[in-house]
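Reviewing the structure listed below.
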Amino acid sequence: MGEVGTACFCDNQLCNTELGEPEDLVCYVCEGEDECSLSLDELNTEVCDEFSVCSFINVTVDFGQVLGTAIDFFRSCVSAVEGVEGCITAERYVDDYIGAEFSDVRDFIMGEVGTACFCDNQLCNTELGEPEDLVCYVCEGEDECSLSLDELNTEVCDEFSVCSFINVTVDFGQVLGTAIDFFRSCVSAVEGVEGCITAERYVDDYIGAEFSDVRDFIMGEVGTACFCDNQLCNTELGEPEGK
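According to our numbering, the sequence shown is numbered sequentially starting from 852.
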């Protein structure tokens, strides 16, 4: 099923004293869930080309009814991509790997789930870890945000972001009318703002921070805004803390 071990060569007097680490990167290789579920000592290995890393991919991509579903479940050597290391989300895998090879594929993708992990040590592609990027549910409006979680899209956040679930109505009076913020998304983290807060605090810390003069026009606000920093944590609206 495979081979393990190291062979070392040297050309100095009595130099063959110790076994060192191979200079070529070696990775486990497998294809499909059944094969990749075997114990590590049953898996084959592969010597990588230069500028490669080891990968362990478990990503399902939905291309809709016409093109169907593609499942990437494998360990192998893959080309290193600058800035991509550790474990990443399925969305980043599609953008940085599939999308880099097939630039027009993004338009056909209905959704993706799973994890892709990369490492550059010998036989390091043993386990799937948690993605390091924060991922949040995204929706807009009460109808869409009332769908079950498995029907919602997700989004990979930028650095210094948190997940949000906002349901706040702001009354700007008869002239400007009413604005309703009802959404889930990634938003920029605000120092000292976490958990669930009142509509008034949301207006002051978020809307007010972006539009500094908006406070003078507000007649009132109702609702709740919730923020969290765990994977797909923006599932429910809680009660404002300190209410």
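Ideal placement from N, C-alpha and C gives every residue a C-beta, glycine not left out.
In angstroms with no decimal places, state the Cα-to-Cα distance between residue 883 and residue 891. If I take the Cα positions, the gap works out to 14 Å.
Grab the span of the alpha helix (DSSP H) containing residue 1077 for me, first residue to last. Run containing residue 1077: none in the alpha helix (DSSP H); it sits in the beta strand (DSSP E), 1071-1079.
Please state the DSSP three-state secondary structure of residue 852. Bear in mind that the predicted position of residue 852 carries a pLDDT of just 49, short of 50, making it too unreliable to give a figure here.
Which of helix, strand or coil DSSP assigns to residue 1030: strand
Roughly how many angstroms lie between the CA atoms of residue 992 and residue 969, to the nearest whole one? 37 Å
Whole angstroms are fine: how far does the CA of residue 1033 sit from the CA of residue 1083? 17 Å
Can you give me the start and stop residues for the beta strand (DSSP E) that residue 921 sits inside? Unbroken beta strand (DSSP E) run through residue 921: 920-930.
Kindly give me the distance between the Cβ atoms of residue 929 and residue 904, rounded to whole angstroms, as I take these residues to be in contact under 8 Å. About 6 Å separates the two Cβ atoms, so the contact holds.
Using CA atoms only, rank isn't needed, just tell me which of 1047, 1088, 1028 is closest to residue 1070. 1028
Return helix, strand or coil for residue 863, following the three-state DSSP convention. coil
Can you give the beta carbon distance from residue 976 to residue 906, rounded, assuming they're within the 8 Å contact cut? 6 Å
I need the straight-line Cα distance from residue 913 to residue 989, nearest angstrom please. 17 Å
Alpha helix (DSSP H) segment containing residue 1047, residue limits: For residue 1047, there is no enclosing alpha helix (DSSP H); the enclosing beta strand (DSSP E) covers residues 1046-1049.
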